[in-house]
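Just below is one structure, and these are the notes that go with it.
Next up, the structure:
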């Protein structure tokens with residue numbers, strides 16, 4: 001290899017690299033956000049205390065079982081295989097061709113959701129029991145307790161893990177090339193095919209992945225610091241009343 | 001005398017372990033009742049049963065003529081009438097001091113923000129924490145946290161205040177500031193039920209003292225009766241250890 005070849009390939013193909021990187025980033029951002037929302041909802045349902053009797057008990061028991069199956073399936077099979085099953089499955093069974101990008105976002109979201117559900121469950125279980133008791137003691141019901149008191153703490157605690165999922169998603173979208181999503185890995189393979197060079201294009205691409213993941217990590221770290229709040233507080237000398 | 005809370009034949013057990021055995025207990029309006037006893041006697045469990053943080057296995061809890069253990073009763077509504085102060089403060093971590101005192105008013109009592117803030121500030125003034133409204137719980141000392149927790153409970157304008165060993169997690173120097181606030185409160189005529197190991201304090205502020213032992217109320221009476229002339233052997237034994 002030579003630096004000249006690499007430069008030449010990049011200059012001739014940069015719009016493809018850029019578009020690929022854009023699609024990779026787009027799928028992973030949307031997928032992580034939707035996945036995090038799925039994870040929060042599933043995590044909240046799975047940590048809802050099951051009453052001793054009544055219809056609510058049956059509903060919760062059934063939904064717990066179904067959600068266990070969802071998490072088990074998506075954590076237990078490779079995303080690449082899921083992509084093939086879902087994309088070609090829908091195409092062959094229902095005769096509809098789904099937009100590849102939507103399919104990609106769907107697969108990443110539902111995958112991230114399965115992982116995030118476990119992270120959220122751990123996050124909720126690790127909140128001090130006293131927080132629940134104090135909320136119940138002032139008359140909050142379960143939903144208000146979760147919304148006002150518990151989830152803000154959970155979100156703060158799971159932020160590092162969510163960032164981790166985001167980084168994993170940036171890298172793992174490369175697997176979606178199996179359903180011909182034109183993300184970065186797919187684009188690089190096309191460039192490699194047309195230039196008959198593999199080493200240089202993929203070296204360029206590895207740098208692009210690295211830049212994306214490092215930037216995301218940095219941004220999330222700043223966000224975490226902001227959520228932690230300021231280290232000081234102002235004393236109030238005179239209060240209105 | 002009007003009984004605010006009237007408990008009859010209350011039972012609570014965890015599996016084989018009977019923690020409360022047939023408890024009869026009441027508190028009159030405006031009364032300050034202290035519950036004393038050694039660890040494991042069931043006094044905290046009794047207090048936690050009163051606001052249903054622990055679900056009793058039997059008996060009844062009558063509040064304003066209604067048995068709150070009846071399944072038709074709205075437990076959350078009932079709890080708004082009882083203010084609870086915990087041993088470990090349990091301030092809401094992600095909220096600042098002011099928000100800790102307003103969140104219940106706004107989200108549960110459905111009060112407006114301004115009104116809630118006014119009530120919160122009034123109560124924070126009572127406990128001497130009005131200057132710290134912007135601070136977060138992690139930035140406060142134990143005594144300060146507990147005073148905010150008292151203001152939070154007061155801000156719901158409850159009928160009864162429940163204190164579950166409110167000074168047990170504090171260092172000796174800050175116990176005083178919390179006890180002072182509680183003493184002031186007791187004078188205002190609010191109804192208080194207090195589980196405590198602070199015998200001097202219980203003797204000073206209580207109208208009635210209850211000594212619990214092994215899941216039953218062994219003896220009850222005025223502070224003079226309990227502390228100066230205990231009748232039961234167990235009471236004498238317990239007090240000897242504490243007042244020595």
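Residue numbers (UniProt numbering), protein chains in the order written: chain U, 1 to 241; chain A, 1 to 244. Cβ atoms here follow ideal geometry from the backbone N, Cα and C, with glycine treated the same way.
Query: Beta carbon proximity, residue 49 of chain U to chain A, threshold 8 Å; Result: no
Query: Partners in chain A for residue 234 of chain U, counting only beta-carbon separations shorter than 7 Å; Result: 134
Query: Contact set between residue 86 of chain A and chain U, taken where Cβ atoms lie within less than 9 Å; Result: 130, 133, 134, 137
Query: Min CB distance residue 47 of chain A to chain U below 8 Å; Result: no
Query: Range covered by the alpha helix (DSSP H) that runs through residue 191 of chain A; Result: Not the alpha helix (DSSP H): residue 191 of chain A falls in the beta strand (DSSP E), residues 191-195.
Query: For residue 164 of chain A: DSSP bridge partner residues; Result: A:195
Query: For residue 115 of chain A and residue 121 of chain A, believed in contact at Cβ under 8 Å, the rounded distance; Result: Contact doesn't hold; Cβ gap of about 11 Å is too wide.
Query: Endpoints, the beta strand (DSSP E) within which residue 9 of chain A is located; Result: 3-14
Query: Cα-Cα separation, residue 26 of chain U to residue 198 of chain U; Result: 25 Å
Query: Beta carbon proximity, residue 149 of chain U to chain A, threshold 8 Å; Result: yes
Query: Under 7 Å from the C-beta of residue 160 of chain U: neighbouring residues of chain A; Result: Near residue 160 of chain U there are no residues of chain A at all, since even the closest Cβ is about 17 Å away, more than 7 Å.
Query: Contacting residues, own chain, Cβ-Cβ under 8 Å from residue 38 of chain A (five flanking each side not counted); Result: 213, 238
Query: Residues of its chain near residue 86 of chain U, where Cβ-Cβ distance is below 8 Å and the 5 sequence neighbours each way are ignored; Result: 103, 106, 107
Query: Any chain U beta carbon closer than 8 Å to residue 220 of chain A; Result: no
Query: Burial state of residue 236 of chain A (16 or more Cβ within 10 Å); Result: exposed
Query: Chain U within 8 Å of residue 123 of chain A, Cβ atoms only; Result: no
Query: According to DSSP, residues forming a beta bridge with residue 228 of chain A; Result: Residue 228 of chain A pairs with nothing; no bridge assigned.
Query: Per-residue contacts from residue 144 of chain U into chain A (C-beta, under 8 Å); Result: 107, 108
Query: Contact with chain A by residue 237 of chain U, beta-carbon distance below 8 Å; Result: yes
Query: Cutoff 7 Å; reference residue 125 of chain U; Cβ partners in own chain excluding five residues on either side; Result: 47
Query: Residue 159 of chain A beta carbon near the ligand FMN (any heavy atom closer than 7 Å); Result: The model depicted lacks the ligand FMN and carries no ligand whatsoever.
Query: CB contact below 8 Å: residue 141 of chain U versus chain A; Result: yes
Query: Length of the line joining the Cα atoms of residue 74 of chain A and residue 75 of chain U; Result: 41 Å
Query: Burial state of residue 4 of chain A (16 or more Cβ within 10 Å); Result: buried
Query: Residue 190 of chain U versus residue 8 of chain U - alpha carbon distance; Result: 16 Å
Query: Residue 6 of chain A versus residue 58 of chain U: straight-line alpha-carbon distance, rounded; Result: 35 Å
Query: Limits of the alpha helix (DSSP H) - the one that residue 190 of chain U falls within; Result: 184-195
Query: Proximal residues of chain U, C-beta to C-beta of residue 53 of chain A below 7 Å; Result: 133, 136, 137
Query: Residue 229 of chain U: contacting residues in chain A (beta-carbon distance under 8 Å); Result: 136
Query: Cα-Cα separation, residue 95 of chain U to residue 88 of chain U; Result: 10 Å
Query: Cross-chain neighbours of residue 156 of chain U in chain A, by beta carbon under 8 Å; Result: 94
Query: Segment contact flag, the region 200-220 of chain A with the region 29-47 of chain A, C-beta cutoff 8 Å, min 3 pairs; Result: yes
Query: Buried versus exposed, by CB contacts within 10 Å (16 or more), residue 186 of chain A; Result: buried
Query: Own chain partners of residue 239 of chain U with C-beta closer than 7 Å, once the 5 adjacent residues on each side are dropped; Result: Confidence is the limiting factor: at residue 239 of chain U the pLDDT is only 49, short of 50, which leaves the residue's position unreliable and the question unanswerable from this model.
Query: Backbone CA spacing between residue 169 of chain A and residue 175 of chain U [nearest angstrom]; Result: 54 Å
Query: Length at least 4, wholly inside the region 124-163 of chain A: the alpha helix (DSSP H) runs in chain order; Result: 142-155
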